[in-house]
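J.: Would you mind keeping the following structure in view while I ask a few things?
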Amino acid sequence: MASYILLERLKVENANALAGMTYGFPALTSFLGFTHALSRKFSAEFGNAFTGCAIFCHDYELNAYQDYYVKFIQNRCPPSTLKGKSADAKSPAPIIEEAKMDMTVSVLLQCDKSLSTNLDNIKNYILRLKQWIYSSRLAGGSIHHINDIKLLGDDIKKLKKYILPSFVLLDASHYLQEHEQYCLNHHIDKNAFDRWTDFFSFKYQAIQNHNDDSDEHNEVLWQRIIPPNKKGWIVPLMLGFKGISPLYPPEQVENLRDHRYPFRFVEAIHGLGEWKSSHRIDDMHSLIWRYDCRDEWYLCRQKPQIQQPIFDVNQIFNDDEEDLQF
Numbered sequence: 000m001a002s003y004i005l006l007e008r009l010k011v012e013n014a015n016a017l018a019g020m021t022y023g024f025p026a027l028t029s030f031l032g033f034t035h036a037l038s039r040k041f042s043a044e045f046g047n048a049f050t051g052c053a054i055f056c057h058d059y060e061l062n063a064y065q066d067y068y069v070k071f072i073q074n075r076c077p078p079s080t081l082k083g084k085s086a087d088a089k090s091p092a093p094i095i096e097e098a099k100m101d102m103t104v105s106v107l108l109q110c111d112k113s114l115s116t117n118l119d120n121i122k123n124y125i126l127r128l129k130q131w132i133y134s135s136r137l138a139g140g141s142i143h144h145i146n147d148i149k150l151l152g153d154d155i156k157k158l159k160k161y162i163l164p165s166f167v168l169l170d171a172s173h174y175l176q177e178h179e180q181y182c183l184n185h186h187i188d189k190n191a192f193d194r195w196t197d198f199f200s201f202k203y204q205a206i207q208n209h210n211d212d213s214d215e216h217n218e219v220l221w222q223r224i225i226p227p228n229k230k231g232w233i234v235p236l237m238l239g240f241k242g243i244s245p246l247y248p249p250e251q252v253e254n255l256r257d258h259r260y261p262f263r264f265v266e267a268i269h270g271l272g273e274w275k276s277s278h279r280i281d282d283m284h285s286l287i288w289r290y291d292c293r294d295e296w297y298l299c300r301q302k303p304q305i306q307q308p309i310f311d312v313n314q315i316f317n318d319d320e321e322d323l324q325f
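Take numbering that gives the first Met the number 0: the last position of the sequence shown gets the number 325, and nothing is skipped along the way.
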């Protein structure tokens, strides 16, 4: 029985390329928000909700240029605050640097119940999904093309036939825990932020080569620092948010967009992700990202448990304020 829906090769323009402290790919909350929006409509009409999604990237293009470092393309965009003001409307619009990207992705939606195999029902599924998708946004970007929509079961070989070539996004936060244990065993004094950046930043260490006792003949060799447990294509990843305040009633906080729900201040939570070639996957269930909301945690996880390697960057800055200088 089909329990997955594959949105094959969505072409998205001007998607948000910023996610917390990182850039280069939209945040996981964007994909799960897109899944949740489709789930509400699909559940209301067909009685079947989506519990999560898997993310496959086929192609991307960051709207930026590079000289000595990456610079985002600047656009002349009038802000919404100028609407209705004739004096300001005549002046030139400001130039704003925006982190945007174009991408081609496939999204695998997991259903909480099996789908009908009736041909008329399947056609109705596909028709309604296409209508909802083209009227939706993914990470703030416009969806202007979708190759096809497929209903799949647990056959991983059939999934690979539609998504190859591509890379699937996996949770690699467990590498942080392994790296922390390695630093403790070898008496390496590093805070959590330094251990996190070890996986994706270029770090070199000066090693002095003692040829003799004379300082004139001593050489300094620069050696690349690579974590011992680094494997594959590891990238920084924003995994969600953590509450940093109590849960306030809506009437106690000013300028809320929705006064029907309580409010809490949050900070971004970061971890590690891994891009793995889709031909190496062997289990569809382990690819699904889901919401994991417990107490003050609001996370996107492929595993239900909350592990210690996920950290609040803001808390690290507060704890190690004297050691961190930017």
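Using N, Cα and C, we set each Cβ at its ideal position, and we do this for glycine too.
Kindly indicate the opening and closing residues of the beta strand (DSSP E) around F405.
T.: Here the chain covers residues 0 to 325 and nothing more, so residue 405 does not appear.
J.: Take every Cβ of the region 102-120, pair it with every Cβ of the region 41-53, and state whether three or more of those distances are shorter than 8 Å.
T.: yes
J.: If we count the other Cβ atoms within 10 Å of its Cβ and call it buried at 16 or more, is L236 buried or exposed?
T.: For the purposes of this step, residue 236 is identified with residue 237 of the sequence shown, where counting begins at 1. L236 should be labelled buried.
J.: Between A205 and chain C, is there a C-beta pair that is closer than 8 Å?
T.: The structure shown contains no chain C; it holds only a single protein chain.
J.: In angstroms with no decimal places, state the Cα-to-Cα distance between E7 and E253.
T.: For the purposes of this step, residue 7 is taken as residue 8 along the sequence shown, with counting starting at 1. For the purposes of this step, residue 253 is taken as residue 254 along the sequence shown, with counting starting at 1. Rounded to whole angstroms, E7 to E253 spans 42 Å at the Cα level.
J.: Closer than 7 Å: is that where the CB of K160 sits relative to any heavy atom of the ligand NAD?
T.: Absent from the structure shown: the ligand NAD. Ligands present: none.
J.: Examine the Cβ distances between the region 268-276 and the region 162-180 and report whether three or more of them are shorter than 8 Å.
T.: yes
J.: Taking the alpha carbon of C292 as the reference point, which residue from R259, F33, K241 and L163 has its own alpha carbon closest?
T.: To locate residue 292, count along the sequence shown from 1; it is residue 293. The residue with the shortest Cα to Cα distance from C292 is K241.
J.: Out of G239, H269, E177 and K202, state which residue places its alpha-carbon closest to the alpha-carbon of W221.
T.: Position 222 of the sequence shown holds residue 221. Measuring from the Cα of W221, the nearest candidate turns out to be K202.
J.: If we require 3 or more residues per run, which beta strand (DSSP E) segments fall completely within the region 92-166?
T.: 94-96, 99-110 and 140-151
J.: DSSP on D188, reduced to helix/strand/coil?
T.: Residue mapping note: residue 188 aligns to position 189 of the sequence shown, counting from 1. DSSP places D188 in coil when its eight states are reduced to three.
J.: State whether the region 122-133 contacts the region 35-45, with contact taken as three or more CB pairs (one from each stretch) at a distance under 8 Å.
T.: yes
J.: Count the other C-beta atoms from every protein chain shown that fall within 10 angstroms of the C-beta of Q301, then say buried if there are 16 or more, exposed otherwise.
T.: Taking the first residue of the sequence shown as position 1, residue 301 is located at position 302. Q301 comes out buried.
J.: Could you name the residues of the same chain whose beta carbon sits closer than 8 Å to that of S135, not counting the 5 residues immediately before and after it, in chain order?
T.: Position 136 of the sequence shown, counted from the start, is the residue given in the question as residue 135. Same-chain partners within the cutoff: F33, A36, L37 and I142.
J.: Could you spell out the range, first to last residue, of the beta strand (DSSP E) harbouring S276?
T.: Here residue 276 is taken as the residue at index 277 of the sequence shown, counted from 1. The continuous beta strand (DSSP E) containing S276 extends over residues V265 to S276.
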